Structures are given as structure tokens and as C-alpha cells.
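Trainee: Okay, here's the structure, questions in a sec.
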Amino acid sequence: MENKIKIEVPVMADVFAGGRKPEWLFWVGSAGAFDDRYKKVTRAFVKLLTYLEIDYAVLGSEESDSGDVARRAGNEMLFQMQAMTNSEVMNAYGIKKIVTCCPHDFNTLKNEYPDFGGYYEVWHHSQFLDKMIDEGKLNHVSNIFEKNTIVFHDPCYLGRANKEYDAPRSVLDHIPSVIIEMPRNRSFGLCCGAGGGQMFKEAEKGNKEVFIERTEEALATGADIIATACPFCMVMMTDGLKYKNREDDVKNYDIAELLCMGLGL
18 MENKIKIEVP VMADVFAGGR KPEWLFWVGS AGAFDDRYKK VTRAFVKLLT YLEIDYAVLG
78 SEESDSGDVA RRAGNEMLFQ MQAMTNSEVM NAYGIKKIVT CCPHDFNTLK NEYPDFGGYY
138 EVWHHSQFLD KMIDEGKLNH VSNIFEKNTI VFHDPCYLGR ANKEYDAPRS VLDHIPSVII
198 EMPRNRSFGL CCGAGGGQMF KEAEKGNKEV FIERTEEALA TGADIIATAC PFCMVMMTDG
258 LKYKNREDDV KNYDIAELLC MGLGL
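So this is what it looks like as C-alpha cells:
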């Protein structure tokens, strides 16, 4: 599909030096900056921000990891160092509103950074896109997915940790397609198996890995697209499809990618 949006990402230091203070900070996150698969989600969301003419910027090289994984893994000192450093950088720019594609960073920035002087209005990209849809700014989604069946996997740090189940589903409802659910969904959804630093360790011997069990649940629905809204979930669902040898006929897309493709961006 033709790329109709030219990506030019404004960096906060450059914008600030020019005398302008952006309304939004787009927090890219470690996965969005370094993981090859999730870089595509970052690009898709940037295209949407550009299409919407949102006044935003990124921190660029001034952005460090949020510290989420460090805290979950028990390295409290490292987390606090990250939280204080990032808060100092963002406060120096007078940042008030943050949007991020990562539920882990969303949870940490929203609920844990206030303890370290970081007080921000933090949005997950599903909430942001849902708001734009409600305001009529993301109309004219094509029917390229109308023959596809999409099942959504709930990210734990968006759902159970922050009680947000509706926003990603509202975004998917805006995309002409067949939307279905896994038996375990919303507050009863099964974790992808990556949170809490688990993505970086091996599974205990004798136990089926959680990501395989969750992938099997998704495949059992007959869906040909597994929709996610989290970099951790995307890694695990993609690995699960490869493990089950289904990556050719079942795809894993972030909700931002589906919306971006539906708009032809």
C-alpha cells in the first residue's frame, strides 16, 4: 500500500529551542526504539499522529527506559534512578501530557512516577486513538479487513492493572472486520507470560510456557489476526505463532497498525 505520510518526528530539545512547547510527549519506550518488530508499531503510530496533526515531540536520546522491568525484577535502586532521571528531564521541558504505546510504561509513568516528582496526564495509545475516533477525526477507514476475523488479547498492565478494557476494543470496532473474543478475556484474560521481567528468563521445567497456552487459545477461535496493544504481548504472540508454525496464515498486529493500514497511511 502506498505510504502517503512522510515521517518527520520532532525532537523535544529542537522544538523547545525554537521557542515552542508541544502539547504532547510521545513516550516511545525501549521496545518501540530497539525491537525490530515493534519499531513498525512506532512508525504506524507516528503516521497517525501526523495524520491527526497532533502537536507532539519525542525525547529522542534523552529518553531512558522507564524502569518498569527493573522494579518488577526487584532492582528497586535502578528503578528509582530511572524514575528520577526521566522525571527531571521531562519536568525541565514542562511536559504535562504523555501518550505511549506500551502499557508497562503507561502504568509506571502514570502510577509510580508521582512518587519521584513526575506528575503527568498519561494516556495509552488505545485511549488516545479511541478519543480521536469519538471526536470524528479518524473516519474513512477502508474495508480491507472486512473478510478477516480479529481476536484481541488483553495486556495485563492496561487491563487488570488499570481497568482499561474498552478503549482497544472501541478502536477495533471502528475497523470493518469480524471481531471475536477468546473465552478468557478482559479481567479474566490470560497473561502473555512476558510481564514482570518474565520475558527475559526461561520457563520452569515441566511447565507449558504461558505464551504457548495463550497462543493456542487465540488460534482455537479461528481468527486470522491476533490484535495486541503492548510490545511484550506482541513479542510473545509472534513467538507463539512461530512455535505453532502458523505465522504464514495468522498475523499479529497492533491496533495502531490495523488502523493505519485501514486509513491507507
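In terms of the working numbering, the sequence shown opens at residue 18 and continues consecutively. We put the CB at the ideal spot given by N, CA and C, even for glycine. Remember, it's a predicted structure, so these values are computed and weren't measured experimentally.
#1: Taking contact to mean 3 or more Cβ pairs, one atom from each stretch, closer than 8 Å, check whether the segment 207-215 and the segment 87-95 are in contact.
#2: Can you give me the C-alpha to C-alpha distance between ALA235 and VAL63, rounded to a whole angstrom?
#3: Looking at the strands, I want to know which residues DSSP matches up with ASN269.
#4: Tell whether a beta-carbon distance below 8 Å holds between LEU66 and PHE96.
#5: Rounded to whole angstroms, how far is the Cβ of VAL188 from the Cβ of LEU69, which I believe are closer than 8 Å?
#6: How many Å lie between MET29 and LYS225 at the Cα?
#7: Threshold first: 3 residues or longer. Then list the beta strand (DSSP E) segments lying entirely within the segment 100-132, N to C.
#8: Counting Cβ pairs closer than 8 Å, one from the segment 197-207 and one from the segment 139-150, do we hit at least three?
#9: For the beta strand (DSSP E) that contains ILE196, what are its first and last residues?
#10: Going by Cα to Cα distance, which pick from CYS247, ILE272, ASP256 and MET253 is closest to ASP122?
#11: So what's VAL58 in DSSP terms, helix, strand or just coil?
#12: For the segment 150-190, which segments carrying the beta strand (DSSP E) assignment without a break, of at least 3 residues, lie completely within its bounds, in sequence order?
#13: Report yes if the C-beta distance between GLY279 and PHE162 is below 8 Å; otherwise report no.
#14: Using DSSP with H/G/I as helix, E/B as strand and the rest coil, what is ALA90?
#15: Can you list, in chain order, the residues of its chain with a C-beta nearer than 6 Å to that of LEU155? Leave out the 5 residues immediately preceding and following it.
#16: Measure from the alpha carbon of ASP190 to the alpha carbon of each residue in GLY281, ASN103 and ALA273, then state which is nearest.
#17: May I have the straight-line CA-CA distance separating VAL227 from ASN269, to the nearest angstrom?
#18: CB-CB under 6 Å to ALA61, same chain, minus the five flanking residues each way: which ones, in chain order?
#19: What would DSSP say about ALA34, mapped onto helix, strand or coil?
#20: Mapping DSSP to helix, strand and coil, what is GLU138?
#21: Tell me which same chain residues have a C-beta within less than 8 Å of the C-beta of VAL58, skipping the five on either side of it?
#22: Please look up how many angstroms separate the CB atoms of ASP241 and ASN124, rounded, as I've assumed it's under 8 Å.
#23: Excluding five sequence neighbours on each side, which residues of the same chain lie with their C-beta closer than 8 Å to the C-beta of LYS56?
#24: To the nearest angstrom, how far is the alpha carbon of GLY77 from that of ARG54?
#25: Alpha carbon to alpha carbon, what distance is there between PRO172 and MET101?
#26: Below 7 Å CB to CB, which residues in the same chain sit around LEU258 once its five sequence neighbours on both sides are set aside?
#27: Closest to GLY206 by C-alpha separation, out of GLU230, LYS114 and SER47, would be which residue?
Mentor: Checking against the coordinates, here is how it stands:
#1: The answer is yes - the segment 87-95 touches the segment 207-215, with three or more Cβ pairs under 8 Å.
#2: On the sequence shown, residue 235 is found 218 positions in, with the first residue counted as 1. On the sequence shown, residue 63 is found 46 positions in, with the first residue counted as 1. Rounded to the nearest whole angstrom, the CA to CA distance from ALA235 to VAL63 is 28 Å.
#3: Here residue 269 is taken as the residue at index 252 of the sequence shown, counted from 1. Answer by DSSP bridge pairing, in chain order: ILE243.
#4: Against the sequence shown, residue 66 aligns to sequence position 49. Against the sequence shown, residue 96 aligns to sequence position 79. Judged by beta-carbon spacing, PHE96 lies beyond the 8 Å limit of LEU66, meaning their Cβ atoms are not closer than that value.
#5: Translated into the one-based positions of the sequence shown, residue 188 becomes position 171. Translated into the one-based positions of the sequence shown, residue 69 becomes position 52. Not confirmed; about 14 Å, so no contact.
#6: Locating residue 29 in the sequence shown gives position 12, where the first residue counts as 1. Locating residue 225 in the sequence shown gives position 208, where the first residue counts as 1. Taking the straight line from one Cα to the other gives about 45 Å.
#7: If we require 3 residues or more, the beta strand (DSSP E) runs fully inside the segment 100-132 come out as 114-117.
#8: Using a C-beta cut-off of 8 Å, the segment 197-207 makes no contact with the segment 139-150, since fewer than three inter-stretch Cβ pairs fall below that distance.
#9: For this step, residue 196 is matched to residue 179 along the sequence shown. Segment 195-197, the beta strand (DSSP E) holding ILE196.
#10: Residue numbering aside, residue 122 sits at position 105 when the sequence shown is read from its first letter. Closest by alpha carbon: CYS247.
#11: On the sequence shown, residue 58 is found 41 positions in, with the first residue counted as 1. Residue state, collapsed to three classes: helix.
#12: The qualifying runs are 166-169.
#13: Translated into positions along the sequence shown, residue 279 becomes position 262. Translated into positions along the sequence shown, residue 162 becomes position 145. Yes, the pair counts as a contact, with Cβ atoms nearer than the cut-off.
#14: Locating residue 90 in the sequence shown gives position 73, counting from the first residue. Coil at ALA90, not helix or strand.
#15: Translated into positions along the sequence shown, residue 155 becomes position 138. Hits under 6 Å: MET149.
#16: Residue numbering aside, residue 190 sits at position 173 when the sequence shown is read from its first letter. When each option's Cα is compared against that of ASP190, the closest is ALA273.
#17: Residue numbering aside, residue 227 sits at position 210 when the sequence shown is read from its first letter. Residue numbering aside, residue 269 sits at position 252 when the sequence shown is read from its first letter. If you draw a straight line from the Cα of VAL227 to the Cα of ASN269, it comes to about 17 Å.
#18: In the sequence shown, the residue the question calls residue 61 occupies position 44. So the list reads ALA273, GLU274 and CYS277, once near-sequence residues are dropped.
#19: In the sequence shown, residue 34 corresponds to position 17, counting from 1. Note: ALA34 maps to helix in three-state DSSP.
#20: Along the sequence shown, read from residue 1 onward, the residue named residue 138 stands at position 121. Correct three-state label for GLU138: strand.
#21: For the purposes of this step, residue 58 is taken as residue 41 along the sequence shown, with counting starting at 1. Same-chain partners within the cutoff: GLY49, CYS118, PRO248, MET251, ASP271, ALA273 and GLU274.
#22: In the sequence shown, residue 241 corresponds to position 224, counting from 1. In the sequence shown, residue 124 corresponds to position 107, counting from 1. 30 Å between Cβ atoms; not a contact.
#23: The residue given as residue 56 occupies position 39 in the sequence shown. If we look at LYS56 and ignore the five residues flanking it on each side, its Cβ neighbours are GLY49 and ALA50.
#24: For this step, residue 77 is matched to residue 60 along the sequence shown. For this step, residue 54 is matched to residue 37 along the sequence shown. Distance between the alpha carbons of GLY77 and ARG54 is about 19 Å.
#25: Within the sequence shown, numbered from 1, the residue matching residue 101 stands at position 84. Within the sequence shown, numbered from 1, the residue matching residue 172 stands at position 155. Taking C-alpha positions only, MET101 is separated from PRO172 by approximately 26 Å.
#26: Within the sequence shown, numbered from 1, the residue matching residue 258 stands at position 241. So the list reads THR232, GLU264, VAL267 and ASN269, once near-sequence residues are dropped.
#27: For this step, residue 206 is matched to residue 189 along the sequence shown. Among GLU230, LYS114 and SER47, the Cα nearest to that of GLY206 is on GLU230.
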